[in-house]
Amino acid sequence: MAVEGLGSYVLAWKRGIAILTAGSVKVTPDPRVRLVNGYSLQIRDAVPQDAGDYICQIAMLDPREITHHVEILGK
Numbered sequence: 000m001a002v003e004g005l006g007s008y009v010l011a012w013k014r015g016i017a018i019l020t021a022g023s024v025k026v027t028p029d030p031r032v033r034l035v036n037g038y039s040l041q042i043r044d045a046v047p048q049d050a051g052d053y054i055c056q057i058a059m060l061d062p063r064e065i066t067h068h069v070e071i072l073g074k
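Be aware that the sequence shown starts at 0, since it is given in numbering that gives the first Met the number 0, and climbs by one per residue.
Written out as structure tokens, the structure reads:
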């Protein structure tokens with residue numbers, strides 16, 4: 000999903016109550032997690048424990064968010 004025209008709003012990625020990224024800052028200490036093109040979340044070498052819901056949230060007075068469900072498929 001492409002995000003454009005955020006202006007001064009901050010985009011954050013969360014999993015449960017854990018904040019993974021906020022704006023261009025990576026908050027999680029997990030070295031496998033990074034932002035791609037400023038907005039897309041990437042998890043390298045994903046494992047079954049990475050499966051679940053990830054929330055992309057735009058911080059504003061009335062926050063907007065979308066939940067992405069991630070499944071890890073076997074090789």
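Don't be surprised by glycine CBs; every beta carbon is placed ideally from N, CA and C. On a predicted model such as this, the values are computed, not experimentally measured, just so you know.
Local Cβ density within 10 Å of residue i, reported as buried at 16 or more and exposed below that
| i | result |
| --- | --- |
| residue 17 | exposed |
| residue 19 | buried |
Test item: CB-CB of residue i and residue j under 8 Å
| i | j | result |
| --- | --- | --- |
| residue 57 | residue 8 | yes |
For residue i, the nearest candidate out of the options (CA to CA)
| i | options | result |
| --- | --- | --- |
| residue 12 | 47, 48, 72 and 34 | 34 |
| residue 37 | 55, 14, 61 and 59 | 55 |
| residue 46 | 71, 24, 29 and 10 | 71 |
Own chain residues within Cβ distance below 6 Å of residue i, not counting five before or after
| i | result |
| --- | --- |
| residue 67 | 53 |
| residue 40 | 12 |
Beta-carbon separation (whole angstroms), residue i vs residue j, contact threshold 8 Å
| i | j | result |
| --- | --- | --- |
| residue 50 | residue 69 | 6 Å |
| residue 31 | residue 44 | 6 Å |
Residue-chain proximity (residue i, chain B), Cβ-Cβ < 8 Å
| i | result |
| --- | --- |
| residue 12 | The structure shown has no chain B; it contains just one protein chain. |
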